[in-house]
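Just below is one structure, and these are the notes that go with it.
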Amino acid sequence: MSSLPKGTAGSKDPATTRDRAVFLDRDGTLMENDGDLGDPSKVVLLPHVSQGLVSLRENGFKLIVVTNQGGVARGKYDEAAVVATHARLETLLCQATGLMCVIDAFYFCPFHPEGSVSEYRREHAWRKPSPGMLQAAALDHGIDLASSWIIGDQERDVQAGAAAGCRSILIGSPHGNSAADYFATHVNEAASRILQVDAPTVLASVVTLHAANPNVLNDKVLRSAITTAAESLAERSGVRLVSLEWSRQAVTATVQGGELIALGLAAELRRTTDRWWQVHGGSTPLWAGE
Ligand SMILES: [Mg+2]
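When you line the sequence shown up against this note's numbering, it's residues 1 to 290, in that order.
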């Protein structure tokens, strides 16, 4: 059985009453953008983002976007366009996750020392790699920075996180020139890493699938197929599968995260393995009714 505490949300750092957060870079981390983007209609989510954000929220992390928007200083678009772009991003994230709210707050820095718009042409404490946005968010939202993380695709994200006292995950290949604590290929993998590292304080949930026929789960080949499917689904969706436990007629999965995470994984596992069962000669449904 899992050694994780069950039934305790663990949404707060035990050493403090303040919340934990995961700060998220925007461009190249949550959404596609290889240049200045101020047009809400052009927002495209990157793949492998949504399930990780659900997992982090389920485990009590606030999600806060911190993004340099030097395009404002360069006269490419205005602050209103940045706000509209963030509204569109939030809408797409809500659609992708099924949640009513995904991002708790958006912070952006419109300043740049080489901007063409005089009002915004200067260095600013909010511009990453400076930690100003993280520090402001910590004050605004009661966040304990030492219990928090930043995920970004540039070294300036890592540096901003380190300067604020957060741990960091760089989206990209590991390389020796980075000060990042960890590397990941996408946000789902980064979320999984965060929940793994902070495991003692995060919630675990349990869900059981009951087979339609007694003894069917004694079949070693079937058990192996279900195990492989569960591990693959968990990895793809950024969920940490803590354990699978077997009886003759049921399999119980323990996952890091809340009930929604566990139920989502179970539904996919049920669908995938039932299909496998039919293909391999099963004449009746593998699992008992919904
Ligand atoms: Mg970026």
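In this text, a Cβ means the ideal position worked out from N, Cα and C, and glycines have one as well. Remember, it's a predicted structure, so these values are computed and weren't measured experimentally.
Around ligand 1, which residues pass a check of Cβ closer than 6 angstroms to any of its heavy atoms? 25, 27, 28, 29, 152, 153, 154
Unbroken alpha helix (DSSP H) runs of length 4 or more, entirely within the segment 144-192: which are they? 155-164
Nearest candidate by alpha-carbon position, reference residue 77, set 106, 136, 110: Numbered from 1 along the sequence shown, position 77 holds the residue referred to as residue 77. Among 106, 136, 110, the Cα nearest to that of residue 77 belongs to 110.
Is it true that the CB of residue 143 sits closer than 7 angstroms to the CB of residue 18? Residue mapping note: residue 18 aligns to position 18 of the sequence shown, counting from 1. Residue mapping note: residue 143 aligns to position 143 of the sequence shown, counting from 1. Yes, these two residues count as a Cβ contact at 7 angstroms.
For residue 239 versus residue 255, is the C-beta distance shorter than 7 angstroms? Position 239 of the sequence shown, counted from the first residue, corresponds to residue 239. Position 255 of the sequence shown, counted from the first residue, corresponds to residue 255. In contact: residue 239 and residue 255 (Cβ atoms closer than 7 angstroms).
Residue 100 in three-state terms, based on DSSP: As a position in the sequence shown, residue 100 is number 100, starting the count at 1. If DSSP states are grouped into helix, strand and coil, residue 100 belongs with coil.
Which one of 264, 263, 225 has the shortest CA to CA distance from residue 279? Along the sequence shown, one-based indexing puts residue 279 at 279. Out of 264, 263, 225, 225 has the C-alpha closest to the C-alpha of residue 279.
Whose CA, out of 244, 64, 25, 89, lies closest to the CA of residue 42? Locating residue 42 in the sequence shown gives position 42, counting from the first residue. The shortest CA-to-CA distance from residue 42 to any of 244, 64, 25, 89 is the one to 89.
Beta strand (DSSP E) segments (min. 3 residues) lying fully within the segment 49-133: Every beta strand (DSSP E) of 3 residues or more that sits fully in the segment 49-133 is shown, in chain order, as 61-68, 105-109.
With a Cβ-Cβ cutoff of 7 angstroms, do residue 74 and residue 115 count as a contact? As a position in the sequence shown, residue 74 is number 74, starting the count at 1. As a position in the sequence shown, residue 115 is number 115, starting the count at 1. Yes; because the gap between Cβ atoms is below 7 angstroms, this pair is in contact.
Nearest residue (CA-CA) to residue 104, options 243, 147, 54, 125: For the purposes of this step, residue 104 is taken as the residue at position 104 of the sequence shown. Answer by Cα proximity: 54.
Given that a residue counts as buried once 16 or more other Cβ atoms are within 10 Å of its Cβ, and exposed if not, what is residue 179? Looking up residue 179 in the sequence shown gives position 179. Per the 10 Å Cβ criterion, exposed.
Identity of the residue in 70, 51, 287 nearest residue 118 by Cα: Residue mapping note: residue 118 aligns to position 118 of the sequence shown, counting from 1. Checking every option, the nearest Cα to that of residue 118 belongs to 70.
Quick check on DSSP: helix, strand or coil for residue 45? One-based indexing of the sequence shown puts residue 45 at position 45. Correct three-state label for residue 45: strand.
Bridge-paired residues (DSSP) for residue 251: Here residue 251 refers to the residue found at position 251 of the sequence shown. According to DSSP, which records beta bridges pairwise, residue 251 is partnered with 209, 246.
Bridge partners of residue 22, per DSSP? Start at 1 with the first residue of the sequence shown, and residue 22 comes out as number 22. According to DSSP, residue 22 bridges with 63, 149.
With residue 211 and residue 287 assumed to form a contact (beta carbons below 8 angstroms), what rounded beta-carbon distance in angstroms separates them? Counting from one through the sequence shown, the residue named residue 211 turns up at place 211. Counting from one through the sequence shown, the residue named residue 287 turns up at place 287. The Cβ separation is near 6 angstroms, so the contact holds.
When burial is assigned at 16 or more other CB atoms within 10 Å of the CB, is residue 221 buried or exposed? On the sequence shown, position 221 is the one that residue 221 refers to. Exposed: under 16 other Cβ atoms inside 10 Å.
Opposite residue 287 in the DSSP bridges: which residues? The residue given as residue 287 occupies position 287 in the sequence shown. DSSP output for residue 287 lists 211 as bridge partner(s).
Can you round the beta-carbon distance between residue 67 and residue 187 to whole angstroms, since I take them to be within the 8 angstroms contact cut? Locating residue 67 in the sequence shown gives position 67, where the first residue counts as 1. Locating residue 187 in the sequence shown gives position 187, where the first residue counts as 1. That belief does not hold up - the Cβ atoms of residue 67 and residue 187 are roughly 14 angstroms apart, past 8 angstroms.
Run through the DSSP bridge pairs and tell me what residue 27 is partnered with. Start at 1 with the first residue of the sequence shown, and residue 27 comes out as number 27. Per DSSP, 31.
Can you give the beta carbon distance from residue 72 to residue 120, rounded, assuming they're within the 8 angstroms contact cut? Along the sequence shown, read from residue 1 onward, the residue named residue 72 stands at position 72. Along the sequence shown, read from residue 1 onward, the residue named residue 120 stands at position 120. That belief holds up - the Cβ atoms of residue 72 and residue 120 are roughly 6 angstroms apart, short of 8 angstroms.
Which stretch, first to last residue, makes up the alpha helix (DSSP H) that contains residue 222? As a first step, residue 222 is located in the sequence shown; it is residue number 222 there, counting from the start. Residue 222 -> alpha helix (DSSP H) spans 220-237.
Cα separation between residue 97 and residue 218? Residue numbering aside, residue 97 sits at position 97 when the sequence shown is read from its first letter. Residue numbering aside, residue 218 sits at position 218 when the sequence shown is read from its first letter. Going from the Cα of residue 97 to the Cα of residue 218 covers about 36 angstroms.
Is it buried or exposed, residue 246, if we count other Cβ atoms within 10 angstroms and call 16 or more buried? The residue you call residue 246 lines up with position 246 of the sequence shown. Classification of residue 246: exposed, given that the 10 Å Cβ count is below 16.
Given this structure, state the Cα-to-Cα distance separating residue 190 from residue 85, to the nearest angstrom. On the sequence shown, position 190 is the one that residue 190 refers to. On the sequence shown, position 85 is the one that residue 85 refers to. The alpha-carbon atoms of residue 190 and residue 85 are separated by roughly 24 angstroms.
For residue 134 and residue 164, believed in contact at Cβ under 8 angstroms, the rounded distance: Position 164 of the sequence shown, counted from the first residue, corresponds to residue 164. Position 134 of the sequence shown, counted from the first residue, corresponds to residue 134. That belief holds up - the Cβ atoms of residue 164 and residue 134 are roughly 4 angstroms apart, short of 8 angstroms.
Expressed to the nearest angstrom, what Euclidean distance is found between the alpha-carbon atoms of residue 155 and residue 112? Translated into positions along the sequence shown, residue 155 becomes position 155. Translated into positions along the sequence shown, residue 112 becomes position 112. Approximately 18 angstroms, taken between the alpha carbons.
Taking only three categories from DSSP, how would you classify residue 278? By 1-based counting over the sequence shown, the position of residue 278 is 278. Shown here, residue 278 sits in a helix according to DSSP, grouped into three states.
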